[in-house]
Structure formats: structure tokens, C-alpha cells
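Trainee: Residue numbers (our numbering), protein chains in the order written: chain A, 212 to 834; chain B, 212 to 834. Where is the CB? At the ideal position from N, CA and C, for every residue including glycine. On a predicted model such as this, the values are computed, not experimentally measured, just so you know.
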């Protein structure tokens, strides 16, 4: 107690020791006293530290069978866990935290294979989910804790069993993050655990992957039709979201993204039919055929990646589109939508489920509860193969930095450059600059920095460009060099590594193409960079040396787009350097596997005395 | 002090306060007293807590110019940093730790773009490296700390400046991990910081990527020739490693991996010449050509990934091979070899550098000091694009789990299955099982689990298989079902998710192909799985439903290999589901970029009133 005292006092917290024995809980008077003592202490901001009065506590009396039958009071006071449970029930506390040296409850002993960690433990789960049963005996020493926890739960007290060694455990639990195992009866965070949903997505995805492409197409067509036939339900749900959003004062642009209209739904349906029509090209496409030896043929074919997690903000129309892409590519899918679109997403998800049911893959796609912590999803590398965040730069960046072992496909920023070479044609330059910056300034493929060859500073060229930008209402910031040159020029740009995303840009002067390229190396984000020149050799060297995802010559940066590239529906734009890069179509949701067919081929056959010889002869792809 | 006292006492540590003033350091007697006091306290295991005796300390006298000239004693005692420095120098302490609220020294103020964190700060660095200079004023408030640190360093005391808020900072520093900035004069961890080496690799790689494929090839040929002409130097260096390894009692198999022979070098050279000859196919290959519109042509071409980090154990012969692959694919490369092969790697690296010099890309490939913490390399996502660990399962697994934001290409384990269907041919089955398990049991593509259809349990079939395995000296473990069936069968396998990697395997019985497939889903590692059957429909459904990297029919699992697949030199085998999958050739070191050529095309041209129309017509790849 003196150690407790010393430590608490460092935080200016007063404590008091309270010793109890089991009879105290049965004698009405002692019970009343105990409770008033505790409430008095708490009202005085004194933290009671309670323990069994070992000196006087008698041997346990009534012992409760494991699980503890509600109604009948009394579990053994042998251990502090049951003491805690009884006290918690007694004072009707909101939360009981039981700390141990293990992280929580597993479906089996943690060291056994297939042992699952249980984040939530609801009393219905206890009876429905297979490993809910085992868990009590799962981790051996945990029995008494699980016992006490369920006993308290039956009396309306939520319980967390967690690892006490863990840093800031209590703080984290109170902040609502998932730590340890949460015993609760509220549906909050409860229902089916995400791990199970993800496993179902894996299984469902495998069904999607093995059915025929016609079946996949039919499923997507069905979804497209439902968007029209169930239009009113969707719009009603969307109305709810809009009303709540307006109440909570959501910004205008966000509101328009959130709102669904009959027109939007029609276009959505059209897009889905297109995805369906082209879906036969996705799974099972042969990329390489090699005759390794007589009767031994190797094929590399496209297959789904597995289970995708798509995190999207507002825009509920993303949901059916992403779902369609997943179905078309035979992937399982977890969808995590924004709270603000909860009703719309729920309504749309029902349609997805209905169409999946038509091909017996209902579980392939699930909407993850908006309450699920993203952090928890990002740690499920066993269940999720690829994460695709769709939304603001902030969202993508935070997902990229949080996800540790699951690859994230996306681009944190698009700092696109347009370089005007000394041999550029003024008219083309003006046109390409205008389009790159002004066509849609908020897009990630819009120009942020304009690099101008110094030769163009004499004469009209430069001023023409600036006047055009001014006329278009573009605010200009000057790079250091330009700022030096002009006495009354535009203000100095705070940084040249910035995505303005609006009618604003940075203009800088460079000595030559090398300086331009080095500027892009240094400040670019590897998204899209453009050169304007009439000299094809210069263009070629620029396009060779710049290693961004997209490098254009005499064309607007705005062409960096999946549809414009002819990739069909765009999954996203990736600035990653492995897997898909640049605008990504449905190919980005596919990987490959190697299929080898022999008769009875063994590697040993190819040894000196094996008699077989390698051919490694590549065959035409269409068998 | 009483708070210190309270907190230290919780760890049973006694403390003592010592107050000093500047004159104490100049008066010989007080100095002697001070030192004996401190050493006495330390000898009594009492931690001295030293502070300026503010009550009596006079205003600072001699002030030292920034940087502190050695020889001349005395820097201001205005701050605790210089007090610490003087004390550290006084008692010749091994390490002085200065804790602040920033993480350490940056090349510029951390909030400025391009600011680099300095892990090590050697006095030579101070004068050579550009940002060594700035750093003193770099982070503003750090001046006095850097001052004190360099002053102490000049007097032979190593210093670490780190963030005191950081968890377990002192422990981590003492454990030798890189925390904060380490001021040192020893070459340990010093020389050029890895960040700089990595940046050079980026620059050098860009040179490799832009020169002609002939130049890349010539560089590799040169390296191959050097392996022969400089053979004796290599073997001498290798001898040193072997001697030290033998002294330290390295295991036989490891020794043989470590040892280089003229034969090994010859084969290595042959392999390198092959890589050179096929290298023209790598960079700049056109994968897709689309005519987006009149005069607007899009190409998707292969480009290097960027900077690779290859971590390899023993086998020094990996070094030239990996280097050749990097050169052939135009990638920058950081090599991290095992300590045991230090001399050999150094010798081989010199040859790589020499051949790179011939094409002016000397910095493209570097050998990272064996002292560099792997953990630090894995956190350099700004500098490294892909990590390839080559070595034991343990190595790969630890790299995969440690690397948080850099993709890792490799396979943690190869739990390969061979399923014998009820319609299998006995002779083929025997042959394929023997080869899969016995051809090279240590390989990752060797069979670990044999699944047998229950129909084959009656009759000779099963016993023939077991007898064959016994004859080959294979230890058999039984899966639960088989174990149930046999009264005197093999022992029960501890787990079915195990890579034996030796002449040992698990045998299990399944009711049908579904059970076989589910077993593989549950216990497999997605590496290579085989079905043996005469029924092609069964085979087809197996090859369709199993989503491992390699799925074979009537062929040994041992064919899962880059050379056997005809991919040329093998970079590794990947069980990842994005980027390269299965056996990976040099393609695995490439990504793509999109090259668009127009005349003056703007996105707005394609709007209703723009007048231009999309064609999206795919063109033949060979222009």
C-alpha cells in the first residue's frame, strides 16, 4: 500500500485501502456500509484499493459452476477476479478491467495452430460461435477470469480482460480502442467479429474465383438492375444521411458528394453493365505459355489477389462500383465506408448481397461496421491482401503510414510538373498549361508546378503564359530563381513540394532540361510530369530519364486517368513502384499463378543420367 | 530531488545530489575532490545527480567560440549541456547522453524540406559533409547541445543527443541501436551515413536506367571476366573468412556455403554472361500500345523499380549474381552481407565497383557496412523501394515482420502438398512423390505433406507408397485421420503446418478432392501444390481452386524454380500476392511507366464542344 501511495501521490492522487471478506457481500448491513464507504471515497476523489482481508476471510462458501448462473448470487472469493466481479456488480460499475499477463481470450490455447484472438465476447457469441465455447478453457489459467467476466456480464457489467504489462493499457481501453477481449451485451462493436467476416470474404472470394465469368457478369448485371429497380429505397436512405449531415453542418462540397440522384444511379448502372461486359477478360487470362519439355507445359494465368479492403469516404456511389470491380476480378471484399453515408451504404450493401446470393457467394463482400477501428483492420494481414483507400490525400496518407504489413495501393499526393522547353511552341504550351492547371484543379493529375526554360524569359513568351494564368484566375507563386529575377514578381512560394489542388501554382525557371529533371526528382511525387517541346530528342530523353508513373510529351497532365488510358473503370492511381503503377484498372486487382501440366515428370529426369532435356520453348498464348 | 528519490527508490537505487559551480573545474583541489566524491559515490552504487549550484554559481567567465577549440579548457556553464560535457570530460566517461525534446541533429531545421536526420556525427563528417556544417544551427535550440557534444567529443567522450520523451531511450541507446545522433570519432557506424549511400544508389541507378542496354551488358561481361582474372584475390579473401569461420566453429554446411572455389567462380562467370546476353530484354520493353486519339499514343514500358536492398547470408557468390541482376535491370542496389563473409564480399564488391566505373555508374551499387543495423535499413522507405532477403526461412520471416513500409519479396515458408487422387496412376504417383520429397529435401519446393484419397487405403497402393518412402529413408508422420485408421501406424504429427526441410514428411488421408483442397487452404503456405490423377477434369478443378503460386498436375513440386520455368537467373520465389509471384526472374526487379505522346492534346478537347473523340485502339507492340 505504501508503494501504491508513493506512486499515486506523484500524480497528486489520494488512495485508501479497503479490505473485504465474502460475508460482507451477504450481510445487508455490511453491504450497505461497503457501498456507502466506496461512494464516499470516490466522491472525495480518493481511489479505493480493495483486497480480500486475508487475515480474517473465511474459506469460500457457495461455489458457482463455471459460467455462473444469473440470479443466484455468489462466486468463490478464492481469487481477486471474482472479488472484482462481485464489487463491480455491487456498485454497478460501467466497466470492469481484469489485467493478466496474456493479451486476452483466444479460441484455443494461443500456442496451438488456428488459435484466434477474440476482440469481443458477447453472451450470444458465447453460445453461437464455435470457439466461444472453447475459449473458457482455451488459455488455461484464464478460466477464473473468464468465469468472473461472464458472471459480471450477466449482471450488466461490461468487462475487458487485457494484458497488464501492455503500455498505457487502461488509457487505451478508455479511449475506446480494441485492447484485450471486450465482454459486452451491447451490439456495439459486437455482432460477428471482423476476423470472421474477413474469413468469409476469403471463402466467398474463392467461390467468385471459380465460377464462370458469365456467372460473375450476370451477378454484376443484376446489381446494376437493382440500382434502378430499388432506386426509391436507396434515395430514401440517402435522404436520412443528408438530413443528419446537414444537421451536423457538413460542408457543401461534401454534401454534394454524399447525395445520390436518379441520374447518378443511372450512370452508375451503365458503368456497372460495362464492367460486367468486359469481366470475362479478367480471371484466367493466359499471360505466358512455355513448353518446358516434351509433355510438360507451363502457363502463367491471371487470378484474383484474394481479399481486398477498400476504405472510402462520403461518396456512397463508390460502394456498388467497387463491389462490381471485386466481383469482376473474383476478389473477396471488405468495404469500410464513412459514418456520414451509413444509411446509404447499408441500403446499397443490401443490393450487393442480393446479387451475390444469386450466384451463391453471399459472403464474398461485406460492409465493415463503421465502428470498427481502422487500425484493427490494418493489422489483419492474415485476412487482407491489399488495401485501397479512396478519398482525400489525408486519408490515403494516414492509411499508408498506419498499414505495416498489408500493401496499400494509392497515391498520397500528385505534385505534377509541366516543363516548357526552350524549343517549345508557344500556342501548344499555352494550351497544355491551361488544361493541365485549369481543367479540374482539384484533381491529383492537375499541374502544381510550371518549369520554364530560362531562354523563354526574354520576349513575350513568359508574360503571355503569366497573363493567360492570370486571366484564368490562377494565383502564381514564384520559385526562388524566378523570385530573384523579377523585381515586382509574384510572392515567393513557401515550398515547391506542395499540391495546391486549386487555381494556384508555382512557377520556376530552369537553366536547361537537366535542371528541370533534377527539380522534378527533388520535388515531384512520381505521379505525372509533362514536357512541351518541338524537339523530339529532348522529349525522348525527358521521357526516358523522368521515372514518374506517367511521363507525357506535348499532352496535358490531365490524361493520367484510367478511363482516358482506356483501362475501363479506374480502381485508383498508384504511385507505388511495385505491383500496379499509374492509373490502375481492374488488372490492379489481379495477380498471377503458375499452372504446370505434365504426365509423370520429375526433376531428376533432367539430370545427366535422367535422359530428359529442357526445351523452354514459348508457345502462342491462345491455345 | 525528493521526487527523484521517490522514483529511484522504487528500483532500490540510492541517489545523491552534487552541486557544482564553474570555478570547481579550475581549482585543482576542488577538481580532485569533485572527482573522488563522484567515484566514491559510484563505487557505492549511488547515482550522483549533478546540477549547477545556482544559489552561488557566479556568471560565466571565459566563453568558448562555437565548436570549442581543443586544448583550451572552458565552455560556458550557462547551460546544463556544457556542465554535462565538462563533467563527462572530467571523469572520462564512455558515453554522454544529452536529452532534448527533439530526436537529434538534422541537416537543416526539420521543418524545412530536404532536412536529413543525422544518425552519426563524426568529427571528419563535420568538415566533409555539407550538412555537417549547417547542423549546428540547424535546429535552432540545439546549438548549445551540439556545442557541448563536439566539445566533449574533442576530449574523447562519445555523445548521443536524443529525444528524452522517447520510450526506453537510454536502454535502447545502451543496447547499441541507433537512437538520436551519435557523436563519435571511432569509425564504428561512422564513415558515410547509409542515407547518403542510398541516395547515391538512387542517382547511380538512374544512370544505369538511362544508358543503353549494350552498355549494361558490357558492364556485366566485364564483371564476369574480373571474376576469372582476379580469381586469386577473391580466393585469398575467402580464405580469411573460412579461417575465422573455422575458428569460431561454424557448422559444416555453412562452411561449404561460405567457401569459394575456382569451379564456383567459373560457373558464376558463365551465369553472369548469360544475364548480360539477355539483359537487352529488360528495361524499356513495350507491354502495351494504345492509340487514345488521333496523334495521341500511349505506351506502357518496363522500367527499373529504383533502389533495391538485398540482404543475404554466407554465400558470397550471391553478391556478383545479385549485382549483375541489378545492373541488367537498371536498378540501384544496396547489398547487406553476412559478417562471416566480410572479406570475400569486400573483394567481390571491389570488382563490381570496377566494372560499374567502366560505365560511369560507380555509386549504383554499394555494400552496406555489416555494422549497420538491419532495423535502420528497413525504416528507410524514402530511399529503398524493395527488399529481397536471400537466406534462411528465419531471415526472411524476420525481415518480413520488421519491414513496415518497404515491400519485401520472398517466401517465409514452403509447405508444399502432393495430393494423390483416387484415379491416380500408382507408378506416376510413386515417381512424383519420390522426386518431390527426396530430390532435394532442403529446398522450399520439396513436398512436406502427402495427401492420399481414402479409396487408395485398401489394396497395395498405400503400402507401396509408404515402403518407397521408407526405402528412401523418409521419416513419416501421420495426420489425425491416418493416425485414427492405423493401429500400428506412424506417430501423430505435432502439426500439419510444418516445413520439415529434411527427409521427413506428414501423410494424411482425405475423403475427396474437396477435403484435400480445404486441407491445403488451411495448412498450406501458398507456395506449390501438386495433384496426381489420370482424370483431367479433377486436375483442372484442383488447378482452378487451389490459389497457391504454383499448382501442378502430374509433375514434381521441384519444378517450381526460376531456371526450370525458363525465367533465367532466379531473383527468388515469392509467395506474396501482389507484384511478382512464384519463381521470380529479373522481371521481378522491374515496374512500368506510362509514356504518352501527343501534339498539343488537352483533356478539354474531348468534352462535348471539344470536337476530339476517343479511339482507344490497341496497337501492335513492335512499332
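#1: Between which two residues does the alpha helix (DSSP H) carrying residue 221/A extend?
#2: Determine the direct distance from the alpha carbon of residue 681/A to that of residue 556/A, and round the result to whole angstroms.
#3: Find the residues of chain B that neighbour residue 692/A, judging by a C-beta separation of less than 7 Å, and give them in chain order.
#4: Using the C-alpha atoms, what's the distance from residue 800/B back to residue 477/B?
#5: So, is the C-beta of residue 763/A closer than 8 Å to a C-beta in chain B?
#6: Going by C-alpha distance, which of 787/B, 788/B, 621/B and 793/B is nearest residue 772/B?
#7: So which of 483/A, 369/A and 730/A has the shortest CA-CA distance to residue 396/A?
#8: Pull out every residue of the region 376 to 388 of chain B whose Cβ sits closer than 8 Å to any Cβ of chain A, in chain order.
#9: Can you give the Cα-Cα distance for residue 351/A and residue 715/B, rounded to whole angstroms?
#10: Tell me the start and end of each unbroken beta strand (DSSP E) in the region 723 to 792 of chain B that is at least 3 residues and wholly inside, in chain order.
#11: Give a yes or no on whether the minimum CB-CB distance between residue 554/B and chain A is below 8 Å.
#12: Nearest to residue 377/B by alpha carbon, out of 560/B, 312/B, 632/B and 480/B?
#13: Within the chosen definition, does the region 511 to 522 of chain B reach the region 800 to 814 of chain B through at least 3 CB pairs nearer than 8 Å?
#14: With a threshold of 8 Å between beta-carbons, can residue 642/A be considered close to chain B, or not?
#15: Less than 8 Å separating the beta-carbons of residue 907/A and residue 526/A?
#16: Which ranges does the alpha helix (DSSP H) cover as unbroken runs of at least 4 residues, wholly within the region 367 to 396 of chain A, from first to last along the chain?
#17: Can you name the residues that DSSP bridges to residue 718/A?
#18: What would DSSP say about residue 646/A, mapped onto helix, strand or coil?
#19: For my contact list, residue 692/A and residue 720/A are in at a C-beta cut-off of 8 Å; report their separation, rounded to the angstrom.
#20: With distance defined between alpha-carbon atoms, name the residue in 535/B, 669/B and 733/B nearest to residue 493/B.
#21: My understanding is that residue 569/A touches residue 433/A, with C-beta atoms under 8 Å, so please give their C-beta distance in whole angstroms.
#22: Can you give me the start and stop residues for the beta strand (DSSP E) that residue 502/B sits inside?
#23: Within the same chain, show all residues whose beta-carbon is closer than 7 Å to that of residue 694/B, passing over the 5 residues directly before and after it, in chain order.
#24: Under 8 Å between beta-carbons, which chain B residues line up against residue 485/A? List them in chain order, please.
#25: Name, going along the chain, the residues of the region 447 to 460 of chain A whose beta-carbon falls closer than 9 Å to a beta-carbon of chain B.
#26: Flag this pair as yes or no: are the beta carbons of residue 507/A and residue 821/A separated by less than 8 Å?
#27: What residues from chain A crowd round residue 523/B, counting only those whose CB sits closer than 8 Å?
#28: For residue 835/B, which three-state DSSP category applies?
#29: Taking the beta strand (DSSP E) that residue 808/B belongs to, which residues open and close that run?
#30: Please list the terminal residues of the continuous alpha helix (DSSP H) segment that includes residue 672/B.
#31: Just to confirm before moving on: does the CB-CB distance between residue 315/B and residue 306/B stay below 8 Å?
#32: Taking 8 Å as the threshold (beta carbon to beta carbon), is residue 163/A in contact with chain B?
#33: Would you mind stating whether residue 767/A and residue 646/A have Cβ atoms separated by less than 8 Å?
#34: Of all the CB atoms in chain B, is at least one closer than 8 Å to the CB of residue 744/A?
#35: Is there a C-beta anywhere in chain B that falls below 8 Å from the one on residue 608/A?
#36: Give the secondary structure of residue 699/A by DSSP, where H, G and I count as helix, E and B as strand, and everything else as coil.
Mentor: Let me spell this out:
#1: First-last for residue 221/A: undefined, no H or E at that position.
#2: Spanning the two alpha carbons is a distance of roughly 42 Å.
#3: Residues of chain B passing the Cβ test: none, with the nearest at roughly 16 Å.
#4: Looking at the two C-alpha atoms, the distance is approximately 25 Å.
#5: Taking a beta-carbon distance threshold of 8 Å, residue 763/A counts as an interface residue toward chain B.
#6: It is 793/B.
#7: If we check each option's Cα against that of residue 396/A, 369/A comes out closest.
#8: Correct list: 378.
#9: The pLDDT assigned to residue 351/A is 36, lower than 50, so where the model puts this residue is not dependable; a value taken from the coordinates is nonetheless given after this. Residue 351/A and residue 715/B: Cα-Cα distance of roughly 32 Å.
#10: The qualifying runs are 739 to 743, 761 to 766 and 783 to 785.
#11: By the rule that beta-carbons nearer than 8 Å mark a contact, residue 554/B does not touch chain A.
#12: The candidate whose alpha carbon is nearest that of residue 377/B is 312/B.
#13: The region 511 to 522 of chain B and the region 800 to 814 of chain B touch, with no fewer than 3 CB-CB distances between them shorter than 8 Å.
#14: Yes, residue 642/A lies at the interface with chain B (some Cβ there is under 8 Å from its Cβ).
#15: With chain A represented from 212 up to 834, any question about residue 907/A goes unanswered, as that position is not in the structure.
#16: Fully contained in the region 367 to 396 of chain A are the following alpha helix (DSSP H) runs of length 4 or more, in chain order: 380 to 385.
#17: The partner list for residue 718/A (beta bridge, DSSP) reads 661/A and 689/A.
#18: In the three-state scheme derived from DSSP, where H, G and I count as helix and E and B as strand, residue 646/A is classed as helix.
#19: Right, their Cβ atoms sit about 5 Å apart.
#20: Ranking the options by Cα distance to residue 493/B, first place goes to 535/B.
#21: The C-beta separation of residue 569/A from residue 433/A comes to about 6 Å, placing the pair in contact by the 8 Å criterion.
#22: First-last of the beta strand (DSSP E) with residue 502/B: 497 to 504.
#23: Within the same chain, and ignoring the five residues on either side of residue 694/B in sequence, the residues whose Cβ sits closer than 7 Å to its Cβ are 700 and 703.
#24: Within 8 Å Cβ-Cβ: nothing; residue 485/A doesn't reach chain B, min ~13 Å.
#25: The region 447 to 460 of chain A vs chain B, Cβ under 9 Å: nothing.
#26: Not a contact, by the Cβ cut-off of 8 Å.
#27: Under a criterion of Cβ atoms nearer than 8 Å, no residue of chain A is adjacent to residue 523/B; the nearest Cβ is some 20 Å distant.
#28: No information on residue 835/B is available, as it lies outside the stretch 212 to 834 that chain B covers here.
#29: Counting along the chain, residue 808/B sits inside the beta strand (DSSP E) bounded by residues 801 to 812.
#30: Start and end: 671 to 682.
#31: With contacts defined by Cβ atoms closer than 8 Å, residue 315/B and residue 306/B do not form a contacting pair.
#32: An answer regarding residue 163/A cannot be provided, because it is not within the stretch 212 to 834 covered by chain A.
#33: Contact annotation: residue 767/A and residue 646/A have beta-carbon atoms nearer than 8 Å.
#34: Residue contact check for residue 744/A against chain B: no CB pair falls below 8 Å.
#35: Cβ-Cβ to chain B under 8 Å: no for residue 608/A.
#36: The DSSP-derived three-state label of residue 699/A is coil.
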